[in-house]
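Engineer: The structure follows.
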Amino acid sequence: MKTNIFIIAAALLLSACGDKKQTNDEQASSATVNENTVKLTDAQLRNAGIETGGLVQRVISGTLKLSGKIDVPPQNMISVSVPLGGYLKSTNLLPGMHVKKGETIAVIEDQQYIQLQQDYLTAKAKLGVLEKDYQRQKELNASQAASDKVAQQAETDYRSDRILVTTLAEKLRLTGIDPGRINEGHIEKSINIHSPIDGFVSKVNINIGKYVSPTEVLFELVNPTDIHLALKVFEKDLGQLQLGQKVLAYTNNNPDKKYECKILLIGHDLSADRAADVHCHFETYDKSLVPGTYMNAEVEVKNTAANTLPTDAIVDFEGKSYVFRVTGDKTYQMVEVKSEESLNGYTRIDITNTTGNKYVTKGAYSLLMMLKNKAE
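Numbering (this note's numbering) for the sequence shown: 12 to 387.
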């Protein structure tokens with residue numbers, strides 16, 4: 012009998028322990044609904060000191076922070092190619108190097124350049140003979156010693172060869188060879204490629220010994236006289252900008268070095284994300300600012316009303332800013348926002364779907380720790 016009582020008591024004790032463990036597990040798991048939403052118990056709500064409120068319209072004056080990249084208009088980006096193709100014999104160019112207008116930047120070799128000079132000199136020599144024959148046939152025809160047909164053929168041959176000489180001379184000039192410098196004792200086997208601008212090298216697309224066709228680009232050169240900064244500005248911020256407005260730009264690698272710019276052009280075409288391009292001109296050009304370089308920028312703006320939350324409502328996690336939106340009874344969802352200027356304890360935020368929403372204004376950091384600790 013005692014043995015039976017002991018077995019029943021042990022079973023009841025194990026059952027009670029199991030129910031208690033299950034209750035504790037449920038309470039522990041109730042804090043996290045998913046990776047971005049947390050649901051609190053009454054005790055957790057009291058301990059976290061959660062307070063909520065809506066967005067507040069406040070006048071914020073300060074700095075508009077933007078981002079963009081260095082850009083060059085098409086007319087200032089020069090692609091260098093070879094008119095007739097050939098093999099690259101030599102070049103010293105490297106990306107970033109400065110070049111002067113007229114400077115030799117590459118030497119190209121190919122048999123076709125020798126052949127072109129040969130054809131030109133042959134046609135030029137033949138032209139002299141044809142010209143004399145034409146004049147002779149013209150005189151004979153005038154005295155009726157030669158037929159009109161013979162005189163006309165002589166004129167046709169002479170004019171055709173003169174056209175050929177002119178055409179070949181222009182082809183030589185196109186390749187950079189001066190027709191006046193070549194003769195039967197001097198034929199050039201290579202041509203020089205000259206820089207068409209004062210600027211710097213953006214790209215080098217060829218190596219020595221490689222054959223390039225006329226359609227291939229050897230080098231890309233940039234004329235820095237009109238290099239500018241293209242900033243991406245959202246529609247809601249465009250009204251704060253105006254032509255001539257001062258801009259301070261800096262790179263991620265060297266944020267302490269500021270580059271002064273002025274707004275030159277404000278775009279009116281909005282992209283799919285409701286942003287427009289704003290073009291800024293650098294006051295002083297720095298050759299380290301190459302096309303494609305990403306930059307941040309700051310613009311002093313006038314007082315403007317904006318959506319704000321208390322600065323304590325915004326938490327930073329892994330390089331991004333978040334707020335907690337109330338989605339139900341003791342339930343809060345972490346939402347990414349873009350935090351901007353701050354003034355007197357309030358921060359301007361960029362967030363969508365704000366109508367009627369409530370946000371955690373106090374205790375946001377506790378929610379973040381609770382959410383992430385449970386997620387781990």
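Each residue gets a CB set at the ideal place from its N, CA and C atoms; glycine is no exception. Predicted, not measured: the structure shown is a model, and the values here were computed from it.
#1: Of the residues Glu-309, Ser-377, Gly-107, Gln-344, which one's Cα is nearest the Cα of Asn-47?
#2: Which residues in the same chain as Ile-19 place their Cβ atom closer than 6 Å to its Cβ, once the five residues preceding and following it in sequence are excluded?
#3: Which same chain residues, not among the five before or five after Leu-175, have their C-beta less than 7 Å away from its C-beta?
#4: Jot down the residue ranges of each uninterrupted alpha helix (DSSP H) in the segment 46 to 123, minimum 4 residues, whole runs only, in chain order.
#5: Can you give me the C-alpha to C-alpha distance between Val-337 and Asp-361, rounded to a whole angstrom?
#6: In the DSSP assignment, the alpha helix (DSSP H) including Asp-248 goes from what residue to what residue?
#7: Applying the 10 Å Cβ sphere with the 16-neighbour rule, what's the burial state of Ala-136?
#8: Buried or exposed: Ser-350, going by 16 or more other Cβ atoms within 10 Å of its Cβ?
#9: With a floor of 4 residues, list each alpha helix (DSSP H) that falls wholly inside the segment 128 to 199, ordered by position along the chain.
#10: Can you give the beta carbon distance from Pro-68 to Asn-355, rounded, assuming they're within the 8 Å contact cut?
#11: Compare the beta carbon distance of Ile-204 and Asn-234 with 7 Å and say whether it is the shorter of the two.
#12: Roughly how many whole angstroms lie between the Cα atoms of Ile-116 and Ile-202?
#13: Which whole-angstrom value is the C-beta distance of Leu-104 and Phe-230, which I expect to be below 8 Å?
#14: Let me know the beta strand (DSSP E) ranges lying completely inside the segment 259 to 292, each 3 residues or longer, listed in chain order.
#15: With DSSP collapsed to three states, give me the class of Ile-229.
Structural biologist: Based on what the coordinates show:
#1: Gln-344
#2: With a pLDDT of only 38 at Ile-19, under the threshold of 50, the placement of this residue in the model should not be trusted, and no figure is reported.
#3: Around Leu-175: Ala-134.
#4: 53 to 59
#5: Between Val-337 and Asp-361, the C-alpha separation is close to 17 Å.
#6: 246 to 249
#7: exposed
#8: buried
#9: 159 to 186
#10: Rather than Pro, the amino acid found at residue 68 in this sequence is Gln. 14 Å between Cβ atoms; not a contact.
#11: no
#12: C-alpha of Ile-116 to C-alpha of Ile-202: approximately 11 Å in a straight line.
#13: 6 Å
#14: 270 to 277
#15: First, the amino acid is wrong: residue 229 is Leu here, not Ile. DSSP places Leu-229 in coil when its eight states are reduced to three.
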